[in-house]
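Taken in sequence, the protein lines are chains A and B.
Counting in my numbering, the first sequence runs from 97 upward without gaps.
Counting in my numbering, the second sequence runs from 97 upward without gaps.
2 protein chains.
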Amino acid sequence: MSEASTLLQAFKQTKYQIPGHGKRNIQILKDALQEVDGQIESDVYGNGKIIDDFQAKIASYLGKETAVFFPSGTMAQQIALRIWCDKKGIKKVAYHPLCHLEIHEEDGLKQLHHIEPVLLAEKNRLIELDDVLNMKEEVACLLLELPQREIGGQLPDYVTLEEISNLCRKKGIKLHLDGARLPEILPYYQKSAAEVCSLFDSVYLSFYKGIGGIAGAILAGDKAFTEESKVWKRRHGGDLISLYPYILSSDYYFDERIPKMRQYYEDAKELAEFFNSCPAVSTMPLVPVSNMFHVHFHASKEEVESILIKIYESTGVGLTSYLRESIEGTCSYEVSVGDQYATFPKEKVKQVFQLLNDEIKSLK
Amino acid sequence: MSEASTLLQAFKQTKYQIPGHGKRNIQILKDALQEVDGQIESDVYGNGKIIDDFQAKIASYLGKETAVFFPSGTMAQQIALRIWCDKKGIKKVAYHPLCHLEIHEEDGLKQLHHIEPVLLAEKNRLIELDDVLNMKEEVACLLLELPQREIGGQLPDYVTLEEISNLCRKKGIKLHLDGARLPEILPYYQKSAAEVCSLFDSVYLSFYKGIGGIAGAILAGDKAFTEESKVWKRRHGGDLISLYPYILSSDYYFDERIPKMRQYYEDAKELAEFFNSCPAVSTMPLVPVSNMFHVHFHASKEEVESILIKIYESTGVGLTSYLRESIEGTCSYEVSVGDQYATFPKEKVKQVFQLLNDEIKSLK
C-alpha cells in the first residue's frame with residue numbers, strides 16, 4: 097500500500113473528522129428528498145416550476161436579473177467566457193494562473209471554445225489593480241475567483257475589487273466572478289451576495305462547496321446573457337431532461353447552510369490559530385478570510401504522514417486524507433471548515449494539537 | 097389559452113395515460129433510492145465503486161471492453177464522434193438528416209467540435225447500404241441510430257446492418273451506434289445487445305427512454321476510446337463530483353425494465369393495430385419494430401385536438417399531450433409504450449378507439 101493510501105485509509109477509519117460537513121454518502125441525497133412530495137413534477141429540459149423557482153431564488157440572492165442552473169461550474173464558466181468573447185469578437189480572457197479553467201478542466205476552454213487565456217499575476221499572489229492596469233493584451237473578459245482557492249483562499253481588499261470593477265467598466269472588459277465559494281466570503285467582507293455581485297457582469301456559484309450539496313451550479317447575469325447560456329448549455333450536453341436531483345438538494349442545503357457561513361468563518365480562524373501555534377506549521381492565509389485555508393508543514397511528506405497517522409490512531413480524530421508535496425520538499429493540504437468542527441469537543445481538538453505539537457518538536 | 101396547452105391540460109387531467117411509464121415526478125427517484133444504504137459513498141469525479149460497478153455492468157451487457165457514464169447522450173455522442181475524427185484526422189462524419197445531433201443539439205457538434213456532417217439518405221427513409229457505398233466524401237465515422245426515432249422508430253434489416261458494418265470496416269470508417277433505445281429493438285432483431293453492438297466500434301445507450309430512469313447515458317467501446325472520452329467529459333463539464341443520483345436510478349430501472357422490453361414491443365404492435373383500424377389514422381411503421389411508433393392523422397391539428405379533448409374528458413384516458421402539424425396540414429405524434437399500457441383494462445382501450453373511430457368518421 098502506498099503511503100498516500102495509508103494516510104487515506106487511516107483518515108477514513110477515524111471516528112471524527114475536523115474538516116467538512118461529513119461524509120459524501122447517499123444519505124446526503126436521501127435527507128434532502130425526505131420531505132419533498134413525490135408527486136411534484138420533474139423539470140423537463142430546463143423548464144418547469146422546480147427549476148424556475150430555484151433559478152429565481154438564486155438570481156434574487158445574487159441580485160442578478162436571471163439565473164440558469166447548470167450541472168457543473170466547469171460548464172457554466174466556459175460558457176460565460178464564450179458569450180463575452182463572442183459579444184466582443186475577441187477570443188481572449190484574463191484570469192489568474194491557478195484559475196480552475198487553467199488547471200482543472202483539461203483545457204476545455206481552449207479545446208472546445210478556442211479561447212486564449214492571458215494569465216495575470218504570479219501564481220502565489222492575488223490579481224491586483226496594477227495587473228489589470230498594465231495588461232497589454234485586449235481581452236473580452238476578466239475572471240476573478242473569490243476566494244482564490246489554490247493559494248489558500250485569499251481575498252483582495254474590497255476597495256481593490258471596486259477599483260478593478262470600475263476599471264473594467266471603463267475599458268469595456270466584462271467582469272466575471274468565479275464565486276464557487278461566494279457565500280463563504282461574505283462574513284469577512286461584511287457585504288451581501290448582491291453587493292459583491294453588483295461589481296460583476298456575470299457570476300457563477302457552486303452548490304457543493306460550503307453549501308454542501310451534491311453537485312450543480314448557477315450562472316447569473318442579465319437576461320440576454322442567461323438566455324444565450326441556455327443555448328450553450330444544450331450544446332455542451334448539460335440541458336438534461338431532469339436536473340431535479342441536484343436542484344432539490346442544492347435548495348435544501350442552501351437553506352440549511354447559508355445561515356452558518358459566519359460560524360464556519362469564525363471556526364476557520366480558531367482552527368488556523370491552533371495550527372499556527374505548532375512549530376514548523378503555518379496556515380495560508382495566516383488569518384483566514386473565509387471557511388478555508390491551507391496548512392503548510394515545514395517538514396517532509398513522509399515525516400508528516402507518519403505523525404498524522406499516529407495521531408489519527410491514538411485520538412480517533414482525522415485532520416486530512418492527503419498531503420501535497422511541494423518542490424521544496426515540504427508539504428501542505430487544504431482545509432474547508434463545515435458543520436463538523438462546531439460539533440467537536442474543544443478538549444479533543446486541544447488534545448490533537450498537543451500531540452501534533454509534541455510530535456513535530458520531536459522531529460527536530 | 098392556446099389549443100396546444102388546452103390539449104396538454106386535458107391530457108394532464110386524465111386519470112389513465114396510454115403511453116409511457118407514468119408521470120415523470122420525484123417519486124421516480126425516491127423509489128430508486130428506497131432500498132439503497134445511505135452509508136454508501138458517493139462516486140467522486142468519475143471514480144468510486146458506485147460508478148465503476150455500473151460501468152462494468154453495462155459494458156458487459158453491451159459486450160464492450162469498457163463503458164463510461166455520462167450525464168447526457170448529447171455529451172457522449174459529440175465526444176465519440178470527436179475522438180474518431182481526431183484519430184483519423186478528418187473532421188467529417190456521416191449520419192441521417194434527422195439525427196439527434198443535427199436537429200436537437202443547437203449544433204453543438206459544429207460549434208464546439210467543428211465537425212462537419214455528411215447527411216446520408218432522405219429525411220423520410222432509413223440509411224441503406226447503397227448510401228454508404230455511394231458516399232463521395234471521406235468521413236471518419238458513420239453514426240447509425242437504431243431505431244431511427246424521427247421517422248417513427250424504423251429499423252433496417254439485420255442483414256443490412258451487417259453489410260454496412262462490414263463495408264465500414266473495409267473502408268476504415270468507424271461505426272458508432274446511437275443506441276438511445278437499443279434495448280427496445282432487441283426483441284424484434286432477436287439478438288442480444290452484445291450481438292448488435294459487435295457490429296459497432298462505439299455505442300451510446302440512454303437510461304431515460306425505455307428504461308425510464310431520470311437522466312444519464314453510457315458510452316462504450318475499447319479502453320483507449322473510453323479513456324479518451326473521460327478527458328473530453330471533463331472538458332465538456334460533465335465530470336461531476338457526484339453522478340450517483342443518475343447512476344443509482346439508471347441501475348434500478350435497468351434491472352426493472354430490461355426484462356419487459358418484449359412486452360412493450362408486443363403491446364406496441366397491438367396498440368398500432370387499434371390506431372390502424374380507425375379511418376384516416378395510420379401508424380409509422382405500420383407494424384412497430386420496437387416499443388415506439390408515430391401516429392399520423394389525415395386531418396387538421398385543430399380537428400384532431402378537439403376530438404382528443406372530447407375523448408379524454410369522456411373516458412378519463414389520455415393518448416397524447418401534443419400534436420405536431422405537418423406541412424401538408426395533417427398532424428402526428430409519437431408513442432412510446434411502457435409500463436402503463438399493460439396495466440390498462442382492454443375494455444377501456446376498446447372504448448377509446450370506438451370513440452376515436454366514431455369521431456373521425458363524423459369529420460368526413
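Ideal Cβ placement from N, Cα and C applies to all residues, glycine included.
Because the structure is a prediction, the values reported are computed rather than measured.
Query - residue 160(A), enclosing alpha helix (DSSP H) - first and last residue - result: Residue 160(A) -> no alpha helix (DSSP H), and no H or E assigned at all.
Query raised in the report: So is residue 115(A) buried or exposed if we call it buried at 16+ other beta carbons inside 10 Å?
Result: Answer is buried; the Cβ neighbour count reaches 16.
Query raised in the report: Beta carbon of residue 368(B): closer than 6 Å to some heavy atom of the ligand ATP?
Result: The model on display carries no ligand, and the ligand ATP is accordingly not part of it.
Query raised in the report: If we ignore side chains and look at the alpha-carbon of each, how far apart do residue 224(A) and residue 382(A) end up?
Result: 19 Å
Report task. Any chance you could list the beta strand (DSSP E) runs of at least 3 consecutive residues sitting entirely within the stretch 271-304 of chain A, in chain order? Result -> Runs found: 298-302.
Report task. Identify every residue that forms a DSSP beta bridge with residue 448(A). Result -> BP columns for residue 448(A) are empty, so no partner.
**Report entry** DSSP state of residue 257(B) mapped onto helix, strand, coil
**Finding:** helix
Report task. Give a yes or no on whether the minimum CB-CB distance between residue 346(A) and chain B is below 7 Å. Result -> Under the Cβ distance rule, residue 346(A) does not count among the residues neighbouring chain B, no pair being separated by less than 7 Å.
Report task. Report yes or no: is there a C-beta of chain A within less than 7 Å of the C-beta of residue 256(B)? Result -> no
Report task. Determine, using beta carbons only, whether residue 327(B) comes closer than 7 Å to chain A. Result -> yes
Report task. Rounded to whole angstroms, what's the CA-CA distance from residue 53(A) to residue 144(B)? Just pull it up for me. Result -> Given a span of 97 to 460 for chain A in the structure shown, any question on residue 53(A) remains unanswerable.
Query raised in the report: Are the C-beta atoms of residue 282(A) and some chain B residue less than 7 Å apart?
Result: Chain B contact via Cβ: absent.
Query raised in the report: With a cut-off of 7 Å, does the C-beta of residue 151(B) fall near any C-beta of chain A?
Result: no
Query raised in the report: Where are the beta strand (DSSP E) runs, 3 residues long or more, that stay fully inside the stretch 160-189 of chain A, in chain order?
Result: 162-166
Query - Contiguous alpha helix (DSSP H) assignments of at least 4 residues, all confined to the stretch 307-366 of chain A - result: 319-332, 340-353
Query - DSSP bridge partner residues for residue 427(B) (one or two, in chain order) - result: 393(B), 421(B)
Query raised in the report: Considering only residues of the same chain and omitting the five flanking positions on each side of residue 97(A), which have a CB-CB separation below 8 Å?
Result: Bear in mind that a pLDDT of 44 at residue 97(A), under 50, signals an unreliable position, so the number given afterwards is only what the model happens to contain. For residue 97(A), where only same-chain residues beyond five positions count, the Cβ hits under 8 Å are 105.
Report task. Closer than 7 Å by beta-carbon distance: list the chain B residues that pair up with residue 126(A), in chain order. Result -> 129, 134
Requested in this report: Reducing DSSP to helix, strand and coil, say where residue 235(B) ends up.
Outcome: coil
Report task. Going by DSSP, name the residue or residues bridged to residue 113(A). Result -> 414(A)
Requested in this report: Please list, in chain order, all residues of the same chain as residue 294(A) whose beta carbon is under 8 Å from its beta carbon, the five residues on each side excluded.
Outcome: The beta carbon of residue 294(A) is closer than 8 Å to those of 159 in its chain, skipping five residues each way along the sequence.
Query raised in the report: Can you tell me the Cα-Cα spacing of residue 320(A) and residue 180(A), whole angstroms?
Result: 11 Å
Requested in this report: Would you verify that the beta carbon of residue 177(A) is, or is not, closer than 7 Å to some beta carbon of chain B?
Outcome: no
Query raised in the report: Since residue 377(A) contacts residue 393(A) with CB under 8 Å, what's their CB separation in whole angstroms?
Result: Here residue 377(A) really is in contact with residue 393(A); their C-beta atoms are around 6 Å apart, less than 8 Å.
Query raised in the report: Quick one: what's got a C-beta closer than 7 Å to residue 397(B)'s C-beta in the same chain, skipping five residues either side?
Result: 419, 421, 427
Report task. State yes or no: is the beta carbon of residue 143(A) nearer than 7 Å to at least one beta carbon in chain B? Result -> no
Query raised in the report: Can you pull the DSSP bridge partners for residue 244(A)?
Result: 250(A)
Report task. Reducing DSSP to helix, strand and coil, say where residue 102(B) ends up. Result -> helix
Query raised in the report: Would a check of beta-carbon distances place residue 97(B) closer than 7 Å to chain A?
Result: Model confidence at residue 97(B) stands at a pLDDT of 44, short of 50, so the residue's coordinates are unreliable; what they give is reported in the following sentence. So no, residue 97(B) is outside the interface.
Query raised in the report: Who pairs with residue 143(A) in a beta bridge, going by DSSP?
Result: 140(A)
Report task. Tell me whether the beta-carbon of residue 311(A) lies closer than 7 Å to the beta-carbon of residue 337(B). Result -> yes
Query - Simplified DSSP assignment, three categories, for residue 230(B) - result: coil
Query raised in the report: Which bits of chain A does residue 316(B) rub up against, with CB to CB less than 8 Å?
Result: Residues of chain A passing the Cβ test: none, with the nearest at roughly 17 Å.
Query raised in the report: In chain B, what lies closer than 8 Å to residue 167(A) by C-beta?
Result: 167, 333, 334, 336
**Report entry** Contacts that residue 208(A) makes with chain B (C-beta to C-beta distance below 8 Å)
**Finding:** Correct list: 208, 209, 331, 332.
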